[in-house]
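**Student:**
Numbering (this note's numbering), first residue to last: 53 to 261.
1) Give the single residue among 182, 66, 187 and 86 whose Cα lies nearest to the Cα of residue 109.
2) In terms of DSSP beta bridges, what is residue 114 paired with?
3) State the DSSP-derived secondary structure class of residue 72, mapped to helix, strand or coil.
4) Name the DSSP bridge partner or partners of residue 158?
5) Go ahead and label residue 177 buried or exposed: buried means 16 or more other beta carbons lie within 10 angstroms of its beta carbon, across all protein chains shown.
6) Taking Cβ to Cβ, would you say residue 161 is nearer than 8 Å to residue 173?
7) Which residue's Cα is closest to the Cα of residue 115: 134, 84 and 90?
8) Among the residues of its own chain, which have a CB less than 7 Å from the CB of residue 71, if the five just before and after it don't count?
9) Span of the beta strand (DSSP E) holding residue 84?
10) Is the beta carbon of residue 142 less than 8 Å from the beta carbon of residue 121?
11) Could you name the residues of the same chain whose beta carbon sits closer than 6 Å to that of residue 84, not counting the 5 residues immediately before and after it, in chain order?
12) Based on Cα-Cα distance, which residue from 73, 88 and 95 lies nearest to residue 79?
13) With 16 as the cutoff for other CB atoms within 10 Å, does residue 225 come out buried or exposed?
14) Output the boundary residues of the beta strand (DSSP E) element that contains residue 184.
15) Using only alpha-carbon positions, find the residue among 73, 135, 151 and 104 that is nearest to residue 88.
16) According to DSSP, residue 78 sits in a beta bridge with which residue or residues?
17) Assuming residue 137 is part of the beta strand (DSSP E), what are its boundary residues?
18) Helix, strand or coil for residue 169, going by three-state DSSP, please let me know.
19) Cβ of residue 307 within 8 Å of Cβ of residue 149?
20) What does DSSP give as the partner residue(s) for residue 88 in the beta ladder?
21) Can you tell me whether residue 179 is buried or exposed, with buried defined as 16 or more other CB within 10 angstroms of its CB?
22) State the Cα-Cα distance for the pair residue 69 and residue 200, rounded to the nearest angstrom.
Here it is, written out as structure tokens:
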């Protein structure tokens, strides 16, 4: 089987497109009986290079493929309103990318195995931004947060919070920050720097692994 053709399977899967040596090769459309659909390029019977894939729940991916897996740059629109634009590896979000949520929140930074991992900035819909190192979707200390009402950066630690100071919510649910003595002064030297150095080295190993 070579050239253009149509093939249907007993389970009602259907392929229409290019063939080479009885294998899907070139450009074609595959409609699966469970409602999934792929439109794009094939190589030796596998989805390769650029293609668009849709799921029955209306998730939609448009981007690069390698051996039936999302690999390279791609964009996925989730049925719940989320959208990710960035790099993929082995069918998961890996490398640098941006994710946007229906409420207006956005994350720009690094990913590993579909989770925020590495350096990244989270932009809240109310104007706050949270910048730091992430491990498995959780931001680590120290964390720098800016607010729409001030250009000052506040660096979070695990120290107790004075009740008469402004607080900022961390990703782990606690409200912690590093105190500034005045508007014109820098932050005090952050505690636990040795721990932060170890954490940074660990995160770098995670990203590179």
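Note that CB positions come from ideal geometry on N, CA and C, so glycine has one too.
**Tutor:** Quick answer:
1) Closest option to residue 109, Cα to Cα, is 86.
2) According to DSSP, residue 114 bridges with 104 and 127.
3) DSSP, read as helix, strand or coil, puts residue 72 in strand.
4) Its beta-bridge partners are 152 and 175.
5) If you draw a 10 Å sphere on the C-beta of residue 177, you find fewer than 16 other C-beta atoms in it, and that means exposed.
6) At the C-beta level, residue 161 and residue 173 come within 8 Å of one another.
7) Comparing Cα-Cα distances from residue 115 to each of 134, 84 and 90, the minimum goes to 90.
8) Result list for residue 71: 53, 54, 55, 57 and 77, in chain order.
9) Run containing residue 84: none; DSSP gives neither H nor E here.
10) Cβ atoms of residue 142 and residue 121: closer than 8 Å.
11) 65.
12) Comparing alpha-carbon positions, the option among 73, 88 and 95 lying closest to residue 79 turns out to be 95.
13) In this predicted model, residue 225 has a pLDDT of only 44, less than 50, meaning its place in the structure is not dependable enough to derive any value.
14) 181 to 187 is the extent of the beta strand (DSSP E) around residue 184.
15) When only C-alpha atoms are compared, the closest one is 104.
16) DSSP lists 94 as partners of residue 78.
17) Here the beta strand (DSSP E) through residue 137 covers 135 to 141.
18) Under the three-state reduction of DSSP, residue 169 is assigned to strand.
19) With the chain covering 53 to 261 only, the question about residue 307 has no answer from this structure.
20) Residue pairing by DSSP places residue 88 in no beta bridge whatsoever.
21) Result: exposed.
22) Taking the straight line from one Cα to the other gives about 53 Å.
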